[in-house]
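Visitor: Dropping the structure in here first, questions after.
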DNA sequence: CTAAACGTTCAGTAAACGTTGAACAAACCG
DNA sequence: CGGTTTGTTCAACGTTTACTGAACGTTTAG
């Protein structure tokens, strides 16, 4: 919940961009929460998606999001660890800044692939347990293993294709 | 934690399959927890992956997993809702049984795609907020939108290819 | 009908989690 | 050298969550 006093403010988009921005931030927070991550980490990420400039300091984050320094510190560490943001420190500046990492989303794909690998391995472990049993009982686990092996093969290819397309697009734009 | 008395039992795989099965079940539980789902739902799913027969009643689940009836009831409902298991009721039988749903994993892919759509929409919402700003500020959100749009296009195709491959394999096997 | 088995719902609990705020540490400035 | 700014760590708090167990409703069987 916002601690700012907003009740007297007219709710029009043009007159109150801050309100809309905070709504966006809150939505990102909810999506992160649905994905099993702390809501505050999502708020930070959401703000870094729309902030001007894209680099925001620890203190700025704390102020805009109405969160404690501790929370910011913990959650930025988490976001860095999972590869979604990065810390940048300018020479001669005491403060650190955070910004969205450029390949944040490929990073997420990579993590997803790691999870898929774990699921495939789990299926194989299960099949090991059932190795003396009739095929009828093994189908469940074979299906689980095969689909995950399939995705394990295909998702990296998809990611490559994406990166290739991006490079080509960048090339095309720079040529103009 | 297991409530069964296991401390006197020799720990060899051959002598104690139950212990290994329970270990497997517990691992699935942990993976589900990592994915943001209740651990007990993962235990149920894990047991249904290796149980003999694949159909297990409410009561059997409660006994094997050392869980309360309430927990089983709630968690099976959840698993059904997200499409991972199904309930089967035999005519003339009072009891209901649960089993892994055959296209459980395609189902998960579909859910993932829905989430990707949500992320793309969120990016577009963010771009709307920044529409008056210079391109420099919009890059973050454009990247987010584009990668998700890409996956939104490609994942269903991947899923189709998988299902096609499966059908062909089944055909090949039945022909032998 | 009564009795038993089956299943769901729900209040209560215990543990886990997110968040805060204060104490602490480190870097910089006067 | 303090003093100030910046950031991390950690204990404590409050909330949320998973799970239990009991109460309740339903169905089947005798």
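Protein chains in written order, with the numbering used here: chain L, 1 to 176; chain H, 177 to 352.
For each residue, glycine too, the CB sits at the ideal point set by N, CA and C.
All figures in this text were calculated on a predicted structure; none of them were measured in a lab.
#1: Quick check on DSSP: helix, strand or coil for residue 93 of chain L?
#2: Please classify residue 82 of chain L: does DSSP put it in a helix, a strand, or coil?
#3: For residue 87 of chain L, list the residues DSSP reports as bridge partners.
#4: I think residue 25 of chain L touches residue 43 of chain L, with their Cβ atoms under 8 Å apart; what is that distance to the nearest whole Å?
#5: Cβ of residue 140 of chain L less than 8 Å from any chain H Cβ?
#6: DSSP three-state call for residue 57 of chain L: helix, strand or coil?
#7: For the structure I just gave you, are there three or more beta carbon pairs, one from the segment 272–290 of chain H and one from the segment 299–307 of chain H, closer than 8 Å?
#8: Determine, using beta carbons only, whether residue 221 of chain H and residue 240 of chain H come nearer to each other than 8 Å.
#9: Counting Cβ pairs, one atom from each stretch, are 3 or more of them under 8 Å apart for the segment 99–119 of chain L and the segment 141–161 of chain L?
#10: Within 10 angstroms of its Cβ, does residue 198 of chain H collect 16 or more other Cβ (buried), or is it exposed?
#11: Identify every run of the beta strand (DSSP E) within the segment 304–331 of chain H, keeping only runs that are complete inside it and at least 3 residues long; order them along the chain.
#12: Compute the distance between the beta-carbons of residue 79 of chain L and residue 41 of chain L, then report whether it is under 8 Å.
#13: Go ahead and label residue 187 of chain H buried or exposed: buried means 16 or more other beta carbons lie within 10 angstroms of its beta carbon, across all protein chains shown.
#14: Would you call residue 320 of chain H buried or exposed, if buried means 16 or more other Cβ atoms sit within 10 Å of its Cβ?
#15: Mind checking the segment 20–37 of chain L against chain H and listing, in chain order, the residues whose C-beta falls within less than 7 Å of any C-beta there?
#16: Please decide whether residue 154 of chain L counts as near chain H, where near means a Cβ-Cβ distance under 8 Å.
#17: Distance cutoff 8 Å, beta carbons only. Does residue 150 of chain L sit that close to anything in chain H?
#18: If you draw a straight line from the C-alpha of residue 245 of chain H to the C-alpha of residue 192 of chain H, how long is it?
#19: Taking the alpha helix (DSSP H) that residue 41 of chain L belongs to, which residues open and close that run?
#20: Name, please, each residue of chain L whose Cβ falls closer than 9 Å to the Cβ of residue 294 of chain H.
Guide: Looking at the atomic coordinates:
#1: Locating residue 93 of chain L in the first chain gives position 93, where the first residue counts as 1. Correct three-state label for residue 93 of chain L: coil.
#2: Here residue 82 of chain L is taken as the residue at index 82 of the first chain, counted from 1. Here residue 82 of chain L sits in coil by DSSP.
#3: Walking along the first chain from the start, residue 87 of chain L turns up at place 87. According to DSSP, residue 87 of chain L bridges with L:98.
#4: One-based indexing of the first chain puts residue 25 of chain L at position 25. One-based indexing of the first chain puts residue 43 of chain L at position 43. Contact flag correct, Cβ pair sits at about 5 Å.
#5: For this step, residue 140 of chain L is matched to residue 140 along the first chain. Answer yes: the Cβ-Cβ gap between residue 140 of chain L and chain H drops below 8 Å somewhere.
#6: For the purposes of this step, residue 57 of chain L is taken as residue 57 along the first chain, with counting starting at 1. Residue 57 of chain L: strand per DSSP, three-state reduction.
#7: no
#8: Position 45 of the second chain holds residue 221 of chain H. Position 64 of the second chain holds residue 240 of chain H. Result no, Cβ atoms of residue 221 of chain H and residue 240 of chain H do not sit closer than 8 Å.
#9: yes
#10: Counting from 1 along the second chain, the entry for residue 198 of chain H is found at position 22. The residue is buried, with at least 16 neighbouring Cβ atoms inside 10 Å.
#11: none
#12: Position 79 of the first chain holds residue 79 of chain L. Position 41 of the first chain holds residue 41 of chain L. Yes. Within cutoff.
#13: What you label residue 187 of chain H is simply residue 11 of the second chain in a count that begins at 1. Note that residue 187 of chain H has pLDDT 49, beneath the 50 cutoff, so the model's placement of it is unreliable and the number below is only indicative. So residue 187 of chain H counts as exposed.
#14: Along the second chain, read from residue 1 onward, the residue named residue 320 of chain H stands at position 144. When all chains shown are included, residue 320 of chain H counts as buried.
#15: 20, 21, 24, 27, 28, 31, 35 and 36
#16: Locating residue 154 of chain L in the first chain gives position 154, counting from the first residue. Cβ-Cβ to chain H under 8 Å: yes for residue 154 of chain L.
#17: Within the first chain, residue 150 of chain L is the residue found at index 150, counting from 1. Closer than 8 Å: yes.
#18: Residue mapping note: residue 245 of chain H aligns to position 69 of the second chain, counting from 1. Residue mapping note: residue 192 of chain H aligns to position 16 of the second chain, counting from 1. Distance between the alpha carbons of residue 245 of chain H and residue 192 of chain H: 26 Å.
#19: For the purposes of this step, residue 41 of chain L is identified with residue 41 of the first chain, where counting begins at 1. Its alpha helix (DSSP H) spans residues 39–50.
#20: Here residue 294 of chain H corresponds to residue number 118 of the second chain, with the count starting at 1. Under the 9 Å cutoff, chain L gives 31 and 34.
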